[in-house]
Amino acid sequence: MFIIYNITTERQFKRLVSKTNTINVLNFWALWAEPCKQMNEVFNELAGKFPSLTYIQIEANEFPSISKLMNVDAVPSFLIVKENEILDTIEGAKAAELSNLVAKYSHAQNSDQQENISDNALEFRLRDLIRTDHVMVFMKGIPDKPRCGFSKQVVELLSELQVKYSSFDILSDNQVRQGLKTFSDWPTYPQIYVKGELIGGLDLLKEMIASGEFQEMV
Numbered sequence: 001m002f003i004i005y006n007i008t009t010e011r012q013f014k015r016l017v018s019k020t021n022t023i024n025v026l027n028f029w030a031l032w033a034e035p036c037k038q039m040n041e042v043f044n045e046l047a048g049k050f051p052s053l054t055y056i057q058i059e060a061n062e063f064p065s066i067s068k069l070m071n072v073d074a075v076p077s078f079l080i081v082k083e084n085e086i087l088d089t090i091e092g093a094k095a096a097e098l099s100n101l102v103a104k105y106s107h108a109q110n111s112d113q114q115e116n117i118s119d120n121a122l123e124f125r126l127r128d129l130i131r132t133d134h135v136m137v138f139m140k141g142i143p144d145k146p147r148c149g150f151s152k153q154v155v156e157l158l159s160e161l162q163v164k165y166s167s168f169d170i171l172s173d174n175q176v177r178q179g180l181k182t183f184s185d186w187p188t189y190p191q192i193y194v195k196g197e198l199i200g201g202l203d204l205l206k207e208m209i210a211s212g213e214f215q216e217m218v
């Protein structure tokens with residue numbers, strides 16, 4: 001199973017490219033650029049063929065600050081990034097060159113993953129859990145019986161908004177409880193995910209509800 005992240009906020013982008021031990025393939029594209037249509041198809045095919053890498057699409061016109069941050073001034077452009085460091089860059093519709101580069105870094109990523117197969121298996125399990133539902137909450141207890149005040153507040157907020165969601169009791173599985181902290185780079189619970197993406201904990205949920213951003217997402 002592979003996932004292509006379509007960037008919706010700059011915060012989301014920075015969180016993804018800063019993850020440790022993760023090689024990212026970035027696709028900067030634009031609706032008006034005809035070569036991007038073909039290369040987007042190539043990008044999707046490579047994501048399916050080499051799922052060990054993380055694939056991220058950024059619409060350049062929508063996020064000029066990200067384009068500037070990554071020194072991108074033309075589309076399509078493709079970057080290989082690990083822990084905020086740019087390892088390789090391809091500018092233009094160069095399908096063969098991109099395929100070779102992705103294959104190279106996929107091999108490197110697979111070699112790293114083989115060093116700790118149990119961690120890799122846990123990551124796939126966490127990805128599946130995160131995408132169980134459109135809105136997913138990892139909390140202490142269950143919605144009917146929250147086992148901490150923060151989890152209780154999250155349940156109450158979602159109930160007030162009449163948001164449908166699924167939940168996971170992290171007290172019932174210590175492997176998930178500890179592993180998700182590292183996977184999401186978020187040390188506390190509850191954690192709220194929308195469409196497989198972490199939006200944060202209770203405080204960020206409150207801020208996003210107050211601004212209306214959360215309601216738009218769900």
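Note that this note's numbering has the sequence shown beginning at 1, numbered continuously upward. We put the CB at the ideal spot given by N, CA and C, even for glycine.
Residue i: first and last residue of the uninterrupted beta strand (DSSP E) it sits in
i    : result
K19  : It is not in any beta strand (DSSP E) - K19 carries neither H nor E in the DSSP assignment.
D169 : 166 to 169
A183 : A small correction: the amino acid at residue 183 is Phe; Ala does not occupy that position in the sequence shown. Note, F183: premise wrong, no beta strand (DSSP E); alpha helix (DSSP H) at 174 to 184.
K94  : Looking at the DSSP string, K94 is not in any beta strand (DSSP E), and its letter there is neither H nor E.
Under 9 Å between C-beta atoms of residue i and residue j
i    : j    : result
Y189 : V135 : no
I3   : V25  : no
V102 : Q191 : no
K164 : D128 : no
F28  : L69  : no
W186 : G201 : yes
T22  : E83  : yes
E59  : I7   : yes
F168 : E123 : no
V75  : A33  : yes
S67  : Q109 : no
T89  : S99  : no
L205 : L126 : no
T54  : K104 : no
I130 : L87  : no
Residue range of the unbroken alpha helix (DSSP H) whose run includes residue i
i    : result
K49  : 34 to 49
V154 : 149 to 160
E207 : 202 to 211
L69  : 64 to 69
Beta-ladder partner(s) of residue i, from DSSP
i    : result
M136 : S166, Y193
W302 : Residue coverage of the chain in this structure runs from 1 to 218, which leaves residue 302 outside it and unanswerable.
P146 : G141
L79  : L26, T89
I4   : Y55
L198 : Y193
Anticipated Cβ contact below 8 Å, residue i with residue j, distance rounded
i    : j   : result
S111 : F50 : The pair is not a contact, with the Cβ atoms about 13 Å apart (cut-off 8 Å).
V81  : V17 : 5 Å
Do the stretch 11 to 25 and the stretch 55 to 66 meet, that is, are 3 or more Cβ pairs less than 8 Å apart? Judged by Cβ distances under 8 Å, the stretch 11 to 25 makes contact with the stretch 55 to 66, as three or more pairs qualify.
Taking 8 Å as the threshold, find out whether the stretch 88 to 96 comes into contact with the stretch 141 to 156 through three or more Cβ pairs. Taking a contact to require three or more Cβ pairs closer than 8 Å, the stretch 88 to 96 and the stretch 141 to 156 do not qualify as touching.
Please confirm if the stretch 151 to 165 is in contact with the stretch 176 to 183, defined as three or more CB-CB distances below 8 Å between the two stretches. By the Cβ test, the stretch 151 to 165 is not in contact with the stretch 176 to 183, since fewer than three Cβ pairs between them sit closer than 8 Å.
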